[in-house]
Structure formats: C-alpha cells, structure tokens
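K.L.:
Mind looking over this structure? Questions follow.
Residue numbers (our numbering): 13 to 246.
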C-alpha cells in the first residue's frame, strides 16, 4: 500500500492553480503523464540570463537586459498595423518599448507615465534608437531582484507558453514532501548527491549551462533514482 506522504504528487495537474482541463490535456502530452509528479520531472532544457542590467548608455545591442527606466510618453499608432510605442529613459539615455497588436488599457496600467519600471528582454537598435520589442517582463522596482535572475527554459508544445509551463512546474515543486532518503548515507556522501527533493529543486534552478548537463550532481542523483526504481520494479 502506497504511503500517504507522497499523495499530493499523484493528484491530477488540474489541482494546480491555473491548470484547467484544456491546459491539463496539453501538459499530459508534453510531460508524459497527468499527475503533479510528471510536471516535477519536466526539467529545464536551457536558461535565459537576465542579470545583465547596465545604464542605458552602456547597453550592448543584441543582449538580453533587465533595465530600470522612467516611463514617458505613450504613442498610439493611427492604425493597428503599426506598433504602439512607449518612450522611456534613465539618467544616461533613452529606450523605446515596442508593442504590436497592443492592448492600450493594459499598457497604460503596467507602464504608467512618470513611474519607474523594470523591463527585461532583448535590446536592439533601430534608426539609431535602443528598442525592446514586447518585453518578457514588466515589473515594479521592488521586484527587480526577482526579474534580474537566471530563468529556466522548458521544452514547450503548441498552446503552452514558457510563462504557463514555468508557473505550473513551480506550483508542482511546492507540493514536494520531505521524504526519508532511500539511499545509503555513505553513498550520498561519496557521490556528493543532494537529497531527492533537493535534487529536484536544484535541477529546476540552473545557474549556468553546466547545471543543465546530465553530469551535474542533481541530475545524476535523479538519474540514479530512476534506474533504481526500474530495477526494483522488475
């Protein structure tokens, strides 16, 4: 009989906030199962490093940057085929935020003129002006450290954005219980492996490309657990 401690991991993905029946069907196809635990096993395949955040005058075009700016004028286009532009600045330079098919009320709310905001995305130069098209993140200054981080990138499928997948995986990881470790302590110490729940949390929080390698300690621990489980099931 299965112990009750891991029961939350075998609940359907629809028990997670923001995962309705339509998303649940897409998630099942993406991660290979319908349960919360299946989302926990859906490991990152890449990273986006958002820690680069110089003054505007020092921004290198072509890089992902997280910038603190003062919001200025909103310039709506004469027709929807043209972009909506928001002009921002800091003490050293200017930045133009560009949005296609924009929802004006939403942009007026998240980018109020005269207020300071943190924006993160790829910076390019167009007509000698710094531009960021459709920022990945728009946040208040108090959230700067949360945005200015290394962001895991997950394998996706049609109908599921990175934002939706990341939110669901994070919610699934919050369900992880603290379980007695089934590995011999001497073996764990010899290999340098973290506990099972720690290995999952670390695997979902890569700091660099090396953390994505199958040879990283958290992923080696998880691979060994999978091999052990398969052997015990024979």
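By construction, the Cβ of each residue, glycine as well, lies at the ideal position given by its N, Cα and C atoms. Computed from a predicted structure; not experimentally measured.
Please state whether the Cβ-Cβ distance between residue 44 and residue 50 is less than 9 Å.
P.N.:
Closer than 9 Å, so yes.
K.L.:
Based on the DSSP secondary-structure assignment, which residues constitute the bridge partners of residue 128?
P.N.:
The partner list for residue 128 (beta bridge, DSSP) reads 82.
K.L.:
Rounded to a whole number of angstroms, what is the C-alpha to C-alpha distance between residue 65 and residue 201?
P.N.:
Approximately 39 Å between the Cα atoms of the pair.
K.L.:
For residue 75 and residue 134, what's the separation of their Cα atoms in angstroms?
P.N.:
Using only the alpha carbons, I get a separation of about 6 Å.
K.L.:
When DSSP labels each residue in this structure, what does residue 107 get in the three-state scheme?
P.N.:
Strand, per DSSP.
K.L.:
Please list, in chain order, all residues of the same chain as residue 42 whose beta carbon is under 8 Å from its beta carbon, the five residues on each side excluded.
P.N.:
54, 167, 168, 169, 172 and 177.
K.L.:
Out of 19, 29 and 209, which one is the CA nearest neighbour of residue 179?
P.N.:
When only C-alpha atoms are compared, the closest one is 29.
K.L.:
Please say whether residue 62 and residue 78 have beta carbons closer to each other than 9 Å?
P.N.:
Yes. Within cutoff.
K.L.:
For residue 60, which of helix, strand or coil comes out of DSSP?
P.N.:
It is a strand residue.
K.L.:
On the CB-based measure, 16 or more other CB atoms within 10 Å of its CB, does residue 35 come out buried or exposed?
P.N.:
Buried, by the Cβ-count rule.
K.L.:
In terms of alpha-carbon separation, which member of 91, 132, 68 and 126 lies closest to residue 107?
P.N.:
Ranking the options by Cα distance to residue 107, first place goes to 68.
K.L.:
State the DSSP-derived secondary structure class of residue 172, mapped to helix, strand or coil.
P.N.:
Residue 172 falls in the strand class under three-state DSSP.
K.L.:
Can you give the Cα-Cα distance for residue 163 and residue 218, rounded to whole angstroms?
P.N.:
If you take the alpha carbons of residue 163 and residue 218, they lie about 8 Å apart.
K.L.:
How do the segment 181 to 201 and the segment 123 to 131 stand: do at least 3 beta-carbon pairs fall below 8 Å, yes or no?
P.N.:
No, they do not touch.
K.L.:
Note down the Cα distance separating residue 225 from residue 196, rounded to an integer number of angstroms.
P.N.:
Computed Cα separation, rounded: 24 Å.
K.L.:
What is the rounded straight-line gap between the Cα of residue 102 and the Cα of residue 94?
P.N.:
Their Cα atoms are separated by approximately 26 Å.
K.L.:
I need the DSSP call for residue 54, collapsed to helix, strand or coil.
P.N.:
Three-state DSSP puts residue 54 in coil, outside helix and strand.
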